[in-house]
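Reminder that position 203 of the sequence shown reads as 988 in the working numbering, one-by-one numbering, no gaps.
To keep things clear, I will list the structure first and then write my remarks on it.
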Amino acid sequence: MAVSFSTRAVLFSNLILAPAAAQFTGSAACAECHQPQWAAQKRSAHSYALSRRADVWSFGAGRQASTPVSRLDPDHYLEHGLSQYTRSNSKALTPGHTSPTGVKYRVFDPGAQILRCFQCHSTGKLAFTREFGIQPAELGVQCEACHGPGADHNQLLRPKMLNPAGLNDLCGACHRQPPKPGEDVNWQDPWNVRHQPVSLSQSACFQKGNLSCTTCHDPHSGDVKSTCASCHPTVTHKTKITTQSCESCHMPKVAAGSHLTFSNHWIGVYAPRKPLLPLPRSKGAAGPTAR
Ligand code: HEC
Ligand code: HEC
Ligand code: HEC
Ligand code: HEC
Ligand code: HEC
Ligand code: HEC
Ligand code: HEC
786 MAVSFSTRAV LFSNLILAPA AAQFTGSAAC AECHQPQWAA QKRSAHSYAL SRRADVWSFG
846 AGRQASTPVS RLDPDHYLEH GLSQYTRSNS KALTPGHTSP TGVKYRVFDP GAQILRCFQC
906 HSTGKLAFTR EFGIQPAELG VQCEACHGPG ADHNQLLRPK MLNPAGLNDL CGACHRQPPK
966 PGEDVNWQDP WNVRHQPVSL SQSACFQKGN LSCTTCHDPH SGDVKSTCAS CHPTVTHKTK
1026 ITTQSCESCH MPKVAAGSHL TFSNHWIGVY APRKPLLPLP RSKGAAGPTA R
């Protein structure tokens, strides 16, 4: 897919291109002492964000889609024009592509696009084979993608020390950072819903409630653990809410293209069948029981 990069990608390069002395050990080295985190992580989509069969790399764990990438010639990689979509169990155009022929990337392009694909979908430092083939250290998003190089245990990032904004930055390194003040976001483009930190940053829950990604997601399995009730224990609705979940109305699903669906992390009040942008907040909205 066509990926554009914000200047905030700097944070990301700091995370991955860690100090020269820092050594990555691979997640297997963490397993013996951190079994619960390891087991949860191994059933997450993160763990399978990149795989390889023979000469074809497969990007995406297949929860929604996977896109093949292969080496075309010594200088180029090809992002295939057809991706495999899980829900429809069919092949169709890769997001952002206009033909099935695929998109060619130079390995040493100044924009480093193909290298960036591998960086976000793997862990540790990228290396090159003797023939300049891209060689990730560990496939998928594993322990050290978030905790940093693990050879010196004292140097590990301990996310418990981070405040909610810091946690969102950690996840935003790959899921995209929230817009900087004054930065324009096209809220009519459903593709932006794919960048959860961007949407979440607009929510009153985040702005007034100090919400982070890990308030709702287990960072290791990715599962949604708890959500609304911790801050909104009792809500009196004018609307009849029957048996629907809170998220179905306040974090509605958005179709990005015909094959992908994302949950709108801009938590708000939505009009029926208008899942992109919430209704404007009424001045002095009671926010009935939000603490
Ligand atoms: C030999 C056992 C051992 C290995 C191997 C090990 N750890 Fe730990 N880890 C511990 C112990 C014991 C603690 C608790 C004491 C402390 O905080 O240092 C801990 C604490 C942590 C914490 C902080 C927990 C908190 O409460 O904030 C993180 C994060 C962590 N380890 C990640 C890792 C990662 C990632 C790896 C692999 C690169 C790893 N550990 C390898 C034993 C280990
Ligand atoms: C090193 C890059 C990277 C970082 C850092 C990262 N993610 Fe991800 N995340 C990914 C990729 C790549 C996928 C897509 C996996 C796939 O192929 O479906 C993903 C998918 C997910 C999913 C979807 C899982 C599913 O079952 O479909 C959740 C939830 C998620 N990430 C949450 C988080 C949270 C929370 C954090 C921060 C604690 C975080 N991520 C940090 C790269 C990252
Ligand atoms: C800045 C980090 C980053 C870069 C660069 C990146 N990805 Fe991803 N990729 C992600 C994250 C995060 C997700 C999870 C999106 C979600 O589910 O919300 C993801 C998901 C995917 C998926 C699963 C389908 C989907 O949309 O969820 C595929 C396939 C994929 N990426 C392929 C690629 C390819 C090919 C490239 C290079 C052209 C690339 N990615 C570059 C972070 C990145
Ligand atoms: C997507 C980012 C991400 C990945 C990948 C990841 N962690 Fe964590 N880890 C976190 C966050 C965020 C926390 C803090 C959770 C909290 O504050 O509740 C955490 C907390 C921990 C802790 C402290 C105890 C706990 O569970 O809160 C340990 C130990 C740990 N991680 C080890 C690991 C190991 C081992 C791996 C690989 C198997 C791993 N982590 C992979 C983000 C990640
Ligand atoms: C208020 C709770 C909440 C918060 C906070 C939250 N999420 Fe989610 N997230 C959800 C729910 C609910 C889903 C939908 C799960 C499902 O459909 O099974 C979801 C789905 C996702 C997915 C799968 C793709 C999609 O969009 O449906 C990703 C990736 C993700 N979240 C990442 C993040 C990241 C990164 C953050 C922090 C910026 C975050 N989430 C904060 C509740 C939350
Ligand atoms: C960490 C606490 C926290 C969590 C978790 C949380 N919220 Fe909120 N939420 C708040 C706060 C604080 C406000 C602002 C209330 C105010 O303005 O008085 C708010 C506001 C709202 C609003 C009003 C938004 C608007 O734009 O008018 C809605 C709707 C809402 N929350 C729904 C939810 C739903 C649904 C969930 C679960 C998916 C959730 N919240 C999770 C703290 C939270
Ligand atoms: C059928 C859709 C629907 C469901 C399900 C739903 N809500 Fe709402 N919610 C609304 C609408 C519409 C409003 C606007 C005012 C009203 O009807 O009370 C609203 C208003 C709110 C507000 C106040 C926003 C303000 O004006 O300040 C909060 C907080 C909230 N909902 C939280 C929740 C929580 C928590 C759940 C799950 C227990 C939930 N909602 C379930 C549709 C829904």
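The beta carbon of each residue, even a glycine, is placed where N, CA and C say it ideally should be.
If you drop the 5 nearest sequence neighbours on each side, which residues of the same chain put their C-beta closer than 6 angstroms to that of residue i?
i: cysteine 1031; result: Cys1013
i: tyrosine 1055; result: Pro1037, Pro1063
i: tryptophan 842; result: Val854
With C-beta atoms as the reference, is residue i less than 8 angstroms away from residue j?
i: serine 832; j: glutamine 962; result: no
i: histidine 1078; j: alanine 825; result: Only positions 786 to 1076 of the chain appear in the structure, and residue 1078 is not among them; the question remains open.
i: leucine 924; j: leucine 835; result: yes
i: serine 884; j: histidine 1044; result: no
i: glycine 933; j: leucine 941; result: yes
i: threonine 914; j: glutamate 929; result: no
i: alanine 936; j: glutamine 808; result: yes
i: glutamate 916; j: proline 859; result: yes
i: aspartate 840; j: serine 855; result: yes
i: serine 997; j: asparagine 1049; result: no
Looking only at C-alpha atoms, which of the options sits nearest to residue i?
i: cysteine 956; options: Val970, Lys910, Ser875, Thr999; result: Thr999
i: proline 944; options: His938, Gly935, Cys931, Asp937; result: Cys931
i: glutamine 904; options: Cys818, Gln973, His819, Gln920; result: Gln920
i: glutamine 987; options: Leu1061, Ser843, Ser1015; result: Leu1061
i: threonine 1046; options: Val983, Asn953, Pro880; result: Pro880
i: cysteine 959; options: Pro982, His938, Asn971; result: Pro982
i: glycine 887; options: Asp894, Pro895, Phe893, Leu878; result: Leu878
i: cysteine 902; options: Gly845, Ala1041, Asp954; result: Gly845
i: serine 1015; options: Asp1008, His1022, Asn995; result: Asn995
i: alanine 1041; options: Lys1010, Asp974, His906, Gly811; result: Asp974
i: lysine 993; options: Pro966, Trp972, His1017; result: His1017
i: glycine 811; options: Pro895, Gly896, His938, Val1039; result: His938
Ignore the nearest five residues each way along the sequence and tell me which others in residue i's own chain have a CB closer than 7 angstroms to its CB.
i: arginine 1058; result: none
i: isoleucine 1052; result: Ser988, Cys990, His1035, Met1036
i: valine 970; result: Pro964, Asn977, Val983
i: leucine 857; result: Leu863, Lys889
i: histidine 882; result: Gly866, Val888
8 angstroms is my cut-off, CB to CB: does residue i come that close to chain D?
i: glycine 925; result: Of the chains in the structure shown, none is chain D; there is only one protein chain.
Apart from the five residues just before and just after residue i, which ones in its own chain have a Cβ nearer than 8 angstroms to its Cβ?
i: lysine 876; result: Leu867, Ser868, Gln869, Tyr870
i: valine 892; result: Asp860, His861, Tyr862, Ile899, Leu900, Phe917, Ile919
i: arginine 837; result: Ser843, Leu924
For the stretch 865–882 against the stretch 808–826, are there 3 or more C-beta pairs whose distance is under 8 angstroms?
No, they do not touch.
Do the stretch 974–982 and the stretch 1015–1029 meet, that is, are 3 or more Cβ pairs less than 8 angstroms apart?
no
Check whether the stretch 835–854 touches the stretch 937–953, counting contact only when three or more Cβ pairs, one atom from each stretch, lie closer than 8 angstroms.
no
Near ligand 1, which residues have their beta-carbon closer than 6 angstroms to a heavy atom?
The answer, residue by residue, is Thr810, Ala814, Cys815, Glu817, Cys818, His819, Cys928, Glu929, His932, Gly935, His938, Leu941, Arg943, Lys945.
Could you name the residues, in chain order, whose CB is less than 6 angstroms away from a heavy atom belonging to ligand 2?
Ala830, His831, Ala834, Gly845, Ala846, Arg848, Cys905, His906, Val926, Ala930, Cys931, Leu955, Cys956, Ala958, Cys959, His960, Cys998, Thr999, His1002, Pro1004, Gly1007
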